[in-house]
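K.L.:
Chains as they are written, first to last, in my numbering: chain A, 1 to 412; chain B, 413 to 706.
By construction, the Cβ of each residue, glycine as well, lies at the ideal position given by its N, Cα and C atoms.
None of these values were measured; they are calculated from a predicted model.
There's a structure below that I have some questions on.
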Amino acid sequence: MNFRKTTAFFVAVITCLFFFGMTGAMAAEPYNLGVALGLTGAGALYSADGVEGIKLAVEEINAKGGLLGQHKIELFIRDSQTKPDVGVREVKDLILRDKIRAVINDYSSAVAMAVKPIAQEYKVLHIASISNSENITMINPSPYTFQVVPNSYMQAKAAAVAIAKMAKQKGWKEFITIASDYEWGRSTQASAVKFLKETSPDLTLKKEFWPRLGETQFTSYITGIMAMKPDFVLGSVASNDNVAWMEQAKNYGFFDKIPYPGSLITVTELMLQAKTLTRGIIALTRAPFFAHMDNPMMADFVKNYRAKYNKYPSDWAVLCYDAVYALKQGVEKAKTIDTEKVKDAMKGMTVDLTRGRLTFRTIDNQLSCSSYTGTIADDPRYPFPIYKDIIEIKGSESERPESEILAARKAK
Amino acid sequence: MDITSIFTQFLSGLTYGTILFLVAAGLSLIFGVMNILNFAHAALWLMGAYFSYTFWNLMQEYSFAFWLSIPLAGFAAAAVGWFLEVVLIKRIYKRELHEQLLITYSIALILSDTIKLTWGVTNKLIVRPEMLRKPVFIFGSPLDSYFILVILSGAAVAIGLWWFLKYTRYGHIVKAAVYSREMVAALGIPIPRIYTWVFTLGIFLAGFAGGIQAPIGSITLGMDNAIIIQAFCVVVIGGFGSLLGTLVGSLIVGEVMSFTILFWPEGAMVLIFVITAAILIVRPWGLFGTPMRT
């Protein structure tokens, strides 16, 4: 009897150990995180910084044991080539071959919109961290897609608020737009024009210019705009193209003759064109690190980023870093890495990021984050110019009203 | 629109046309003489831009760095071109055109990846000397001062090539090879060696054009994708193998782009393709090319 009891006891102990062991093994399951960004093509410049931000966040999280202290994050990085067909192919491959649970994607809004239904079909979280077309979250919303960057509507409204003030002061009447001819450029330009007409009804749009994505020669656009002598020009030129556009326009004396307010001049351009960028331009950006150095998370991020990469983080590094930390906090809230539960936990969730405490809107999973305008000026603390007199336009001030989102979805 | 604005737009078209001419001249020369449609031409042009950046970066502390980096880019690209010709291109002269296209396209892809591996994905920016950072005014029309250098370089290349083709023995051989390589070979002239040097010269022009392009904006991966299409339009319009045709074709494309952007911005590129298609239908050998070929 004793023998039977002893045997039963050992069997029970071994069984328990076995199951605990199994649980332990399951707890150590890695979290496969996909990254599909435009590492070549028009988005290469911004995407490379984004990957650096992601790698740093993953290293930090893994150093503390991973997600929930036990799920190490494994990164799978692919090049979407800034092309929708390639982006879809790569993300599908990440899902089927690498069994990713979430994907950070893309530089291009066109790619992000193409990837959105794929992520939804395979029930994979999709975090848009650089691409910011409003349509990524507004039209055909997916419960799996989240956006951590101020969208095109928010940015345009932020710019319009700043420009309307200037137009009133300076008596501006006519303006011209120049925007990259693709999803982001078109939607940003449309929103900006709409806001300007709302905030300053006296302003007239004289002409629209649409250089194709990947344009390297802006000369004819520059001289054409100068010939038309508008009161100011509104620009939404993308990434690499923006560098070429700004450089070439500057060498024509464009910015000395025509005000160019509210254009996207990110930290990337501030660093890359440190020697040549025209000072005094009033510009707009999405996530400048220097606007939040009072936030300990941002200060630590900048310190660690500089230590690792020997440079300051661009907006794209900040945004992609935040994307990983938003995901981390989603997992912590859900207390599991199960995608369905994380997705539900992230809906309407408030997260602590480098840009402060921010909330995902319930209606569209758009992070209610700020846009930033300011005047480009030198600062002795940095080897490149930064924004001075920064105006932070909060997400709550620049978001599209929910009623309009619902109406747009209904119309679709 | 006043006359100054029209003249300004003309100058823009002229600079754009010059840039296209610098790219297309080598492409046209190679096709005209060797009958090779080199799809990798723009990748070598881009490589020239990156070479220029590297030379400029290495010699930054010297005032001549900017000026010297441009011709050096041409020579560095020419070395790559020579290597490609000897190792690969030489073997495909007698292949069908579609096979040549596939092979040169493969070379373009290999070169693009080589560029990515060598120089990385980050944009490169060459800072111009102070004197080339300001606009100059010609009859009241603004012009980026660097474009004066671009236009002069284009003119120098055009005159240099014309002189080479018209007054040198090698130029005469090259011109003769455009019409009949068999006849040239029959005279005991070593065609393979001529081909190697023509290809190298064509790629030198591509690299030089890349060096000229580099300080205009930033140097980025993928820049070559758009320019190769426009360069093909130029040589189709002007006529493969014709230097004058390439020059005129470049100026047509540059000016049409420039003025269409002013009056019908959405249609600028479409109009170029319409003109190219029309030329292909009506005069397939181009405005200054010749249908004669044996």
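Ignoring anything shorter than 3 residues or poking outside the segment 123 to 189 of chain A, list the beta strand (DSSP E) runs there in chain order.
P.N.:
125 to 128, 145 to 147 and 174 to 179
K.L.:
T23(A) CB to nearest chain B CB: under 8 Å?
P.N.:
Position 23 of the first sequence, counted from the start, is the residue given in the question as residue 23(A). Caution is warranted here: a pLDDT of 45 is assigned to T23(A), below 50, making its placement in the model unreliable, and no coordinate value can be reported.
K.L.:
Between which two residues does the beta strand (DSSP E) holding G34(A) run?
P.N.:
The count along the first sequence starts at 1 and reaches residue 34(A) at position 34. Here the beta strand (DSSP E) through G34(A) covers Y31 to L37.
K.L.:
May I ask you to verify whether the segment 388 to 406 of chain A touches the segment 352 to 370 of chain A, counting CB pairs closer than 8 Å and requiring at least 3?
P.N.:
yes
K.L.:
Check each residue of the segment 449 to 477 of chain B: if its Cβ is closer than 8 Å to any Cβ of chain A, include it; give the result in chain order.
P.N.:
none
K.L.:
Nearest-angstrom Cα distance between L514(B) and H71(A)?
P.N.:
Here residue 514(B) corresponds to residue number 102 of the second sequence, with the count starting at 1. Here residue 71(A) corresponds to residue number 71 of the first sequence, with the count starting at 1. For L514(B) and H71(A), the distance between alpha carbons rounds to 47 Å.
K.L.:
Does the Cβ of M26(A) have 16 or more other Cβ atoms within 10 Å, making it buried, or fewer, making it exposed?
P.N.:
Here residue 26(A) is taken as the residue at index 26 of the first sequence, counted from 1. For M26(A), the pLDDT reaches just 49, beneath the cut-off of 50, and the residue's location in the model is therefore unreliable, although a value from the coordinates is still provided. Per the 10 Å Cβ criterion, exposed.
K.L.:
Below 8 Å on the Cβ atoms is my contact criterion, and I expect M681(B) with R212(A) to pass it. Report the Cβ-Cβ distance as a whole number of Å.
P.N.:
Within the second sequence, the letter at position 269 stands for residue 681(B). Within the first sequence, the letter at position 212 stands for residue 212(A). A Cβ-Cβ distance of about 7 Å is found for the pair M681(B) and R212(A), placing them in contact under the 8 Å criterion.
K.L.:
Would you say W206(A) reaches chain B, if we count a Cβ-Cβ gap shorter than 8 Å as a contact?
P.N.:
Numbered from 1 along the first sequence, position 206 holds the residue referred to as residue 206(A). The residue asked about is misnamed: residue 206(A) is Lys in this sequence, not Trp. For K206(A), the answer is no, since every Cβ of chain B falls outside 8 Å of its Cβ.
K.L.:
So, is A83(A) buried or exposed, given that buried needs 16 or more other C-beta atoms within 10 angstroms?
P.N.:
As a working note, residue 83(A) is residue 83 in the first sequence. The amino acid at residue 83(A) is misidentified as Ala; the sequence shows Lys. Label assigned to K83(A): buried.
K.L.:
Taking C-alpha atoms, which residue in M297(A), I127(A), I391(A) and S152(A) lies nearest to G185(A)?
P.N.:
The residue you call residue 185(A) lines up with position 185 of the first sequence. For G185(A), the nearest C-alpha among the options comes from S152(A).
K.L.:
Among R507(B), L458(B), I501(B) and M471(B), which one has its Cα closest to the Cα of G486(B)?
P.N.:
As a first step, residue 486(B) is located in the second sequence; it is residue number 74 there, counting from the start. Of R507(B), L458(B), I501(B) and M471(B), the residue nearest in Cα terms is L458(B).
K.L.:
Going by CA-CA distance only, name the one from E269(A), F146(A), N310(A) and A112(A) that's closest to T350(A).
P.N.:
Translated into the one-based positions of the first sequence, residue 350(A) becomes position 350. Of E269(A), F146(A), N310(A) and A112(A), the residue nearest in Cα terms is F146(A).
K.L.:
State the DSSP-derived secondary structure class of I258(A), mapped to helix, strand or coil.
P.N.:
Reading the first sequence from its first residue, position 258 is the one you call residue 258(A). If DSSP states are grouped into helix, strand and coil, I258(A) belongs with coil.
K.L.:
Can you list, in chain order, the residues of its chain with a C-beta nearer than 7 Å to that of K587(B)? Leave out the 5 residues immediately preceding and following it.
P.N.:
As a first step, residue 587(B) is located in the second sequence; it is residue number 175 there, counting from the start. Around K587(B): L577.
K.L.:
Identify the continuous alpha helix (DSSP H) that holds P547(B) and give its terminal residues.
P.N.:
Taking the second sequence and counting its residues from 1, the one referred to as residue 547(B) is at position 135. Taken as a continuous stretch (DSSP letters only), P547(B) belongs to no alpha helix (DSSP H), being part of the beta strand (DSSP E) at P547 to I550.
K.L.:
Anything in chain B within Cβ reach of F76(A), meaning under 9 Å, just list it in chain order.
P.N.:
Looking up residue 76(A) in the first sequence gives position 76. For F76(A), there are no C-beta contacts with chain B under 9 Å, since the nearest C-beta of that chain is about 18 Å from it.
K.L.:
Could you tell me whether any Cβ in chain B is nearer than 8 Å to the Cβ of W221(A)?
P.N.:
Against the first sequence, residue 221(A) aligns to sequence position 221. Checking the sequence shown, residue 221(A) turns out to be Tyr, not Trp. Answer yes: the Cβ-Cβ gap between Y221(A) and chain B drops below 8 Å somewhere.
K.L.:
How big is the Cα-Cα spacing for S133(A) and I139(A)?
P.N.:
By one-based count along the first sequence, residue 133(A) stands at place 133. By one-based count along the first sequence, residue 139(A) stands at place 139. About 10 Å.
K.L.:
Suppose the cutoff is 8 Å on Cβ atoms and the five residues either side in sequence are ignored; what does the same chain contact list for V647(B) look like?
P.N.:
In the second sequence, the residue the question calls residue 647(B) occupies position 235. So the qualifying residues of the chain are A436, L439, S440, F443, G657, T658, G661 and G698.
K.L.:
If you run the structure through DSSP and keep just helix, strand and coil, what is T431(A)?
P.N.:
Shown here, chain A extends from 1 to 412; a query on residue 431(A) therefore has no answer.
K.L.:
Is E542(B) close to chain A, meaning its C-beta is less than 8 Å from at least one C-beta of that chain?
P.N.:
Here the question's residue 542(B) lines up with position 130 in the second sequence. Chain A, which has no Cβ nearer than 8 Å to the Cβ of E542(B), makes this no.
K.L.:
Using 8 Å for Cβ pairs, my map puts S475(B) next to S464(B). What's the rounded Cβ distance?
P.N.:
Residue mapping note: residue 475(B) aligns to position 63 of the second sequence, counting from 1. Residue mapping note: residue 464(B) aligns to position 52 of the second sequence, counting from 1. Contact between S475(B) and S464(B) does not hold, since the beta-carbon distance rounds to 16 Å and is not under 8 Å.
K.L.:
With a Cβ-Cβ cutoff of 8 Å, do E247(A) and S630(B) count as a contact?
P.N.:
By 1-based counting over the first sequence, the position of residue 247(A) is 247. By 1-based counting over the second sequence, the position of residue 630(B) is 218. Their beta carbons are under 8 Å apart, which means E247(A) touches S630(B) by this criterion.
K.L.:
Which bits of chain A does T612(B) rub up against, with CB to CB less than 7 Å?
P.N.:
Counting from one through the second sequence, the residue named residue 612(B) turns up at place 200. The premise fails here: T612(B) is roughly 26 Å from chain A at the closest Cβ pair, so nothing lies under 7 Å.
K.L.:
Roughly how many angstroms lie between the CA atoms of I390(A) and Y462(B), to the nearest whole one?
P.N.:
Within the first sequence, the letter at position 390 stands for residue 390(A). Within the second sequence, the letter at position 50 stands for residue 462(B). Computed Cα separation, rounded: 36 Å.
K.L.:
Kindly indicate if chain B contains any beta-carbon less than 8 Å away from that of W210(A).
P.N.:
Residue 210(A) sits at position 210 when you count from the first residue of the first sequence. Chain B, which has a Cβ nearer than 8 Å to the Cβ of W210(A), makes this yes.
K.L.:
Helix, strand or coil, according to DSSP, for S565(B) in the structure here?
P.N.:
Along the second sequence, read from residue 1 onward, the residue named residue 565(B) stands at position 153. In the three-state DSSP reduction, S565(B) falls in the helix class (H, G or I).
K.L.:
What is the rounded straight-line gap between the Cα of I100(A) and the Cα of K92(A)?
P.N.:
As a first step, residue 100(A) must be located in the first sequence, where it is residue number 100. As a first step, residue 92(A) must be located in the first sequence, where it is residue number 92. C-alpha separation (whole angstroms): 10 Å.
K.L.:
Tell me, please, which residues DSSP counts as bridged to Q248(A).
P.N.:
For this step, residue 248(A) is matched to residue 248 along the first sequence. According to DSSP, which records beta bridges pairwise, Q248(A) is partnered with nothing at all.
K.L.:
By DSSP, does K275(A) sit in helix, in strand, or in coil?
P.N.:
Taking the first sequence and counting its residues from 1, one reaches residue 275(A) at position 275. Coil.
K.L.:
Going by DSSP in three states, I640(B) sits in which element: helix, strand or coil?
P.N.:
Translated into the one-based positions of the second sequence, residue 640(B) becomes position 228. Under the three-state reduction of DSSP, I640(B) is assigned to helix.
K.L.:
Short of 6 Å in beta carbon distance, which residues of its chain neighbour L284(A), apart from the five on each side in sequence? Order them along the chain.
P.N.:
Locating residue 284(A) in the first sequence gives position 284, counting from the first residue. Excluding residues within five positions, the ones whose Cβ falls inside 6 Å are A159, G262, L264 and T373.
K.L.:
Would you call E710(B) buried or exposed, if buried means 16 or more other Cβ atoms sit within 10 Å of its Cβ?
P.N.:
Residue 710(B) cannot be examined here, being either before or after the span of chain B that is shown, 413 to 706.
K.L.:
Any beta-carbon of chain A closer than 8 Å to the one on G393(B)?
P.N.:
The question about residue 393(B) has no answer, for chain B in this structure spans 413 to 706.
K.L.:
Just the Cα atoms here: how many angstroms apart are K335(A) and K343(A)?
P.N.:
Within the first sequence, residue 335(A) is the residue found at index 335, counting from 1. Within the first sequence, residue 343(A) is the residue found at index 343, counting from 1. Distance between the alpha carbons of K335(A) and K343(A): 12 Å.
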